[in-house]
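Asks:
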DNA sequence: TGCGAGATTACG
DNA sequence: GTAATCTCGCAA
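Residue numbers (the numbering used here): 3 to 197.
Dropping the structure here:
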């Protein structure tokens, strides 16, 4: 099976187009840890009150306003890292939050990173902060170029197509923009967040 | 089932 | 001060 990296054209569309296309792609992180993307959420800018980009650029969200195909990693709740894929074009806020993965390789390292709370494979990456912890993604990787894999993080297509009928639901954890159905996941995937 | 806390960031 | 793209442990 040949795997090919996603190119700039893939990421240069709007977040709502990129998000469902990311389902079933493979995220590759440092140390050979990889997982299949099974749940994502789209975020935009001035028209999306739930987005970090809603009120314009800040030091923290600068990557989200940058060129497509980069990794936007931010710290939240004083505790957790979350990883997003930047979409569209430089100057426009657009990103896709990676919410859950099915672990593929490097499971030993993932269990070590997640600690004793992870008892089963589906405890490793079934949430946005869980997957960053399991894969060793933190602020040092903010701004990574996924197209050139300049920091060993990239996304590849291993030949598995996105689901023909992805589940489309409301985004999780928002108070602003909570009415937008911009969450996409693989139907019946055991690794989606929230059991 | 509900609730508090926790390594930060941002706005009022 | 308070809310934020969250998770976990513990009380009830």
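For glycine and all other residues, C-beta sits at the position ideal for the given N, C-alpha and C. Owing to the predicted nature of the structure, the values given are computational and were not obtained by experimental measurement.
Does the Cβ of residue 190 have 16 or more other Cβ atoms within 10 Å, making it buried, or fewer, making it exposed?
Replies: Exposed: under 16 other Cβ atoms inside 10 Å.
Asks: Between which two residues does the alpha helix (DSSP H) containing residue 13 stretch?
Replies: That run of the alpha helix (DSSP H) goes 10–13.
Asks: Measuring CB atoms only, is the segment 91–110 touching the segment 36–46, in the sense that at least three cross pairs come out at less than 8 Å?
Replies: The segment 91–110 vs the segment 36–46: in contact.
Asks: For the segment 109–119 against the segment 53–68, are there 3 or more C-beta pairs whose distance is under 8 Å?
Replies: Short answer: they don't touch.
Asks: Take the Cβ of residue 154 as the centre, count every other Cβ of all protein chains shown within 10 Å, and call the residue buried at 16 or more, exposed below.
Replies: Answer is exposed; the Cβ neighbour count stays below 16.
Asks: Give me, in chain order, the residues of the same chain whose beta-carbon lies closer than 6 Å to that of residue 128; leave out the 5 immediate sequence neighbours on both sides.
Replies: Correct list, in chain order: 102, 193, 195.
Asks: Determine the DSSP secondary structure at residue 34, reduced to helix, strand or coil.
Replies: It is helical.
Asks: Which stretch, first to last residue, makes up the alpha helix (DSSP H) that contains residue 113?
Replies: 109–116 is the span of the alpha helix (DSSP H), which, as asked, contains residue 113.
Asks: State the start and end residues of the unbroken beta strand (DSSP E) segment that holds residue 142.
Replies: Unbroken run through residue 142: none, as it is neither H nor E.
Asks: Below 7 Å CB to CB, which residues in the same chain sit around residue 16 once its five sequence neighbours on both sides are set aside?
Replies: Around residue 16: 89, 90, 96.
Asks: Per DSSP, what kind of secondary structure is residue 57 in: helix, strand or coil?
Replies: Three-state result, residue 57: coil.
Asks: Report the residue ranges of all alpha helix (DSSP H) runs contained in full by the segment 158–190; include only those spanning at least 4 residues, in chain order.
Replies: Counting only runs of 4 or more, we get nothing.
Asks: Use the C-beta contact count for residue 5: other C-beta atoms within 10 angstroms, 16 or more gives buried, fewer gives exposed.
Replies: Under this definition residue 5 is an exposed residue.
Asks: Count the C-beta pairs between the segment 113–127 and the segment 147–166 that are closer than 8 Å, then say yes if the count reaches three, no if not.
Replies: The segment 113–127 is not in contact with the segment 147–166.
Asks: Quick one: what's residue 104 bridged to in DSSP?
Replies: Looking at the DSSP assignment, residue 104 forms a beta bridge with 38.
Asks: With DSSP collapsed to three states, give me the class of residue 25.
Replies: Coil.
Asks: Output the distance between the C-alpha atoms of residue 70 and residue 133, rounded to the nearest integer angstrom.
Replies: The straight-line gap from Cα to Cα measures roughly 21 Å.
Asks: Hey, how far is the Cα of residue 63 from the Cα of residue 166?
Replies: In a straight line, the C-alpha of residue 63 is about 32 Å away from that of residue 166.
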